[in-house]
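Respectively, the protein sequence lines represent chains A and B. Take the first sequence: its position 192, counting from 1, is numbered 192 in our numbering, and each next residue is one higher. Take the second sequence: its position 138, counting from 1, is numbered 1138 in our numbering, and each next residue is one higher.
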Amino acid sequence: MRLRASSRSVAGAPSIEFEAVSFAYPDGTQALAGVSLRIEPGEVVAIVGQNGSGKSTLVRHLNGLLRPVSGRVLLDGADIRPVHVARLAARVGLAFQNPDRQLFAGRVSAEVEFGPCNLGIRGMELAERVRGALEDVGLAGMASANPYDLGYSRRKLLALASVLAMRTPVLVLDEPTTGQDARGVARVQDVVARAAAEGRTVIAVSHDMRFVAECCRRVVVMRAGRVALDGAPSAVFGEAAWPELRAAHLEPPLPAVAGARLGLGATATEAVFVAALNGPGGTRGRT
Amino acid sequence: MAIELSTVRYRYAGASVLALQSIDLRLEPGQVVGVVGANEAGKSTLCLVASGFAPRVVGGRLEGSAQIDGVETTALRPHELAQRCGLLFQNAATQLSTTTASVFEEVSFGPCNLGLPVPEVVERAWWALRAVGIEELAARDPARLSGGEGQLVALASVLALRPRYLILDEPTSELDPAGTRLVADALVRVVAETGAGILIVEHKTDVLERIADRVVVLERGAVALAGEAAPTLADPRLAELGVEPPARVRLERGVRASGVPWSDRLAEAVR
């Protein structure tokens, strides 16, 4: 994969801080119950947890779509409560879990233009952003299609492109790999790697433990509206954390399970598992 | 009795290319058939055609024969199709009726429309909620569910119809690993209890490895590979067809490629 960090200038990413954030929906559902979390600029963080554990609710606080009932959300140390959603949109791009709640335009290109246009981008710069974003998600050449003629997987990639085109310093992806085939997942992984190389902060909500283990350097496990675990994939998917992981309705990826059974230590990814097997403690030559 | 597609070709209304070309497929009651393939390979279209939803409801042009229990789907009216074959859309949120105030009412909506006596509607709704493990959501507002919860409610709503055939388009896409396991177990139980035949599109090949009898791999609207689940999911051509093999298969491949022989001990460790 070629990383084109140099051609994509992005303003410095802010630090993000959740300070004892609680949120309840109008029907009384308590979605967040005192979340405290600090994310440094340029981190690639996965948010994982059971369905209904508050993952999507948490990330919707980042661009002001939801406001905490109590507690504060800070960008670079400043409370975002008084900041208008339109201003936050320039700093935090959020790709929805369900693309059909995000897409609205009659043309793919119009869909991708909408975000940067609202940020005041025009002319060549706008055209270049649209082209680049569509290329990044593998939809180059579909600029004039109607979004609703695309299958679900492509609509999801389009929703991602329309956020990428805003070149926000913080990128929030809600379940980016669902509905994607092997190539689609690889595209999403490339997008995350490129954003990270550009110094952007990436926050991905995901149930795809393989994607999480391979792409993210930090994993935050949510359970019943709280942070239950927080650490590197090797720690969060390590044997000691399994009881907590299972209590959060998650399962460690297979390489982690197999590595533990074979006494290879923390092998969260296939590559690490195979390397460990070939290493001094591995089974090479002994089987 | 079966859903039987013979040399089916299908084109959406206004589309210039065929979405399906020459598909042969058979789904019998009590059987689980998994469908995999790259994005835009025709998986969702296959679901619409196998359930009779296309062309009967969405239009388009069907050639060849698509039969449910010996009757062409084009000869059945929508409510007749619905009684024979339950269809779960890929985007579960678009499936919910948006007219009900609680999850319980949402799940009762289908059986109610079948004109069943109230006690049976209630019995079926609870059965379906239990089957997918969401009894505690019964009183919640369907419009205020998380993505995964909504998907489970949509699945329960289809199960409550107790159709002979279930066509499920990525029923676990937004579920956590435990929810995915729960749905997989629930489908196995539904087959055992009701004898339903299930056609399931699923990117998570680990799920198909556990529950499917047969697997069909689509490529550009045609069947590229088909056969018993285990050997088909271990077929080396799978990756070229844009399909991620199950984790176990990938790990074994990675180990062998590194020069370490695959032993019983390793096979045991990935079980």
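Heads up, the beta-carbon is just placed ideally off N, CA and C, and yes, glycines get one too.
Residue i to residue j, Cα distance in whole Å?
i: residue 94(A); j: residue 172(A); result: 5 Å
i: residue 209(A); j: residue 252(A); result: 7 Å
i: residue 1132(B); j: residue 207(A); result: 18 Å
i: residue 1061(B); j: residue 1095(B); result: 24 Å
i: residue 1269(B); j: residue 1080(B); result: 49 Å
i: residue 1178(B); j: residue 216(A); result: 21 Å
i: residue 100(A); j: residue 1251(B); result: 35 Å
i: residue 7(A); j: residue 1169(B); result: Confidence is the limiting factor: at residue 7(A) the pLDDT is only 46, short of 50, which leaves the residue's position unreliable and the question unanswerable from this model.
i: residue 125(A); j: residue 15(A); result: 27 Å
i: residue 5(A); j: residue 1255(B); result: Reliability fails at residue 5(A), whose pLDDT of 42 lies under 50, so the model's placement of it is uncertain and the value that follows must be treated cautiously. About 34 Å.
i: residue 153(A); j: residue 176(A); result: 10 Å
i: residue 1123(B); j: residue 1110(B); result: 13 Å
i: residue 1125(B); j: residue 81(A); result: 43 Å
i: residue 1207(B); j: residue 1180(B); result: 8 Å
i: residue 1154(B); j: residue 1165(B); result: 16 Å
i: residue 267(A); j: residue 1017(B); result: 46 Å
i: residue 96(A); j: residue 1092(B); result: 15 Å
i: residue 1272(B); j: residue 198(A); result: Outside the shown range of chain B, which is 1001 to 1271, sits residue 1272(B), and nothing can be said about it.
i: residue 1152(B); j: residue 280(A); result: 46 Å
i: residue 128(A); j: residue 191(A); result: 17 Å
i: residue 37(A); j: residue 19(A); result: 7 Å
i: residue 1266(B); j: residue 229(A); result: 29 Å
i: residue 48(A); j: residue 178(A); result: 14 Å
i: residue 1065(B); j: residue 1233(B); result: 28 Å
i: residue 239(A); j: residue 272(A); result: 15 Å
i: residue 1160(B); j: residue 1108(B); result: 7 Å
i: residue 1239(B); j: residue 104(A); result: 34 Å
i: residue 1073(B); j: residue 1228(B); result: 27 Å
i: residue 1029(B); j: residue 1085(B); result: 11 Å
i: residue 1027(B); j: residue 1191(B); result: 13 Å
i: residue 79(A); j: residue 46(A); result: 23 Å
i: residue 144(A); j: residue 159(A); result: 15 Å
For residue i, return the contacting residues in chain A, with the cut-off set at a CB-CB distance below 8 Å.
i: residue 1040(B); result: 151, 153 and 154
i: residue 1248(B); result: 254
Around the Cβ of residue i, are there at least 16 other Cβ atoms within 10 angstroms (buried) or fewer (exposed)?
i: residue 1136(B); result: exposed
i: residue 1039(B); result: buried
i: residue 1261(B); result: exposed
i: residue 168(A); result: buried
i: residue 141(A); result: exposed
i: residue 149(A); result: exposed
i: residue 201(A); result: buried
i: residue 285(A); result: Note that residue 285(A) scores 44 on pLDDT, short of 50, meaning its location in the model is unreliable; the coordinates nonetheless yield the value given after this. Exposed, by the Cβ-count rule.
i: residue 1202(B); result: buried
i: residue 1103(B); result: buried
i: residue 1099(B); result: exposed
i: residue 302(A); result: Examination of residue 302(A) is not possible in this model, given that chain A is present from 1 through 287 alone.
Mind listing the chain B neighbours of residue i? Cutoff is C-beta to C-beta under 9 Å, in chain order.
i: residue 56(A); result: 1146 and 1147
i: residue 222(A); result: Within 9 Å Cβ-Cβ: nothing; residue 222(A) doesn't reach chain B, min ~10 Å.
Using the beta-carbon of each residue, which ones in chain A are nearer than 9 Å to residue i?
i: residue 1210(B); result: Result: empty, since nearest Cβ-Cβ is about 13 Å, beyond 9 Å.
i: residue 1170(B); result: 152, 178 and 179
List, in order along the chain, the chain B residues whose C-beta lies closer than 7 Å to that of residue i?
i: residue 335(A); result: The structure shown does not extend to residue 335(A), since chain A is modelled only from 1 through 287, so no value can be given for it.
i: residue 262(A); result: 1269
May I ask you to list the residues that DSSP assigns as paired with residue i?
i: residue 1010(B); result: 1020(B) and 1062(B)
i: residue 39(A); result: 16(A)
i: residue 22(A); result: 33(A) and 70(A)
i: residue 1260(B); result: Partner(s): none; residue 1260(B) has no beta bridge.
What residues of chain B sit near residue i, judged by a beta carbon separation below 8 Å?
i: residue 29(A); result: 1140 and 1144
i: residue 182(A); result: 1038, 1239, 1242, 1243 and 1244
i: residue 98(A); result: 1091, 1093 and 1147
i: residue 249(A); result: 1176, 1177, 1178 and 1179
Legend entry - Stretch pair the region 60-68 of chain A + the region 130-137 of chain A: three plus CB contacts closer than 8 Å: no
Inset, instruction - Pair every Cβ in the region 47-62 of chain A with every Cβ in the region 25-36 of chain A, then say whether three or more of these pairs are closer than 8 Å. - result: yes
Legend entry - Segment contact, 8 Å Cβ cut-off, at least three pairs: the region 238-252 of chain A with the region 73-87 of chain A: No: the two stretches stay apart, fewer than three of their Cβ pairs being nearer than 8 Å.
Inset, instruction - Could you tell me whether the region 1226-1244 of chain B touches the region 173-190 of chain A, using the rule of 3 or more Cβ pairs below 8 Å? - result: As far as the Cβ criterion goes, the region 1226-1244 of chain B touches the region 173-190 of chain A, which means the pair count is three or higher.
Legend entry - the region 1016-1029 of chain B touching the region 1215-1232 of chain B, judged by at least three CB pairs closer than 8 Å: Result yes; three or more Cβ-Cβ pairs closer than 8 Å.
Inset, instruction - Pair every Cβ in the region 1046-1058 of chain B with every Cβ in the region 1208-1215 of chain B, then say whether three or more of these pairs are closer than 8 Å. - result: Contact fails: fewer than three Cβ-Cβ distances are below 8 Å.
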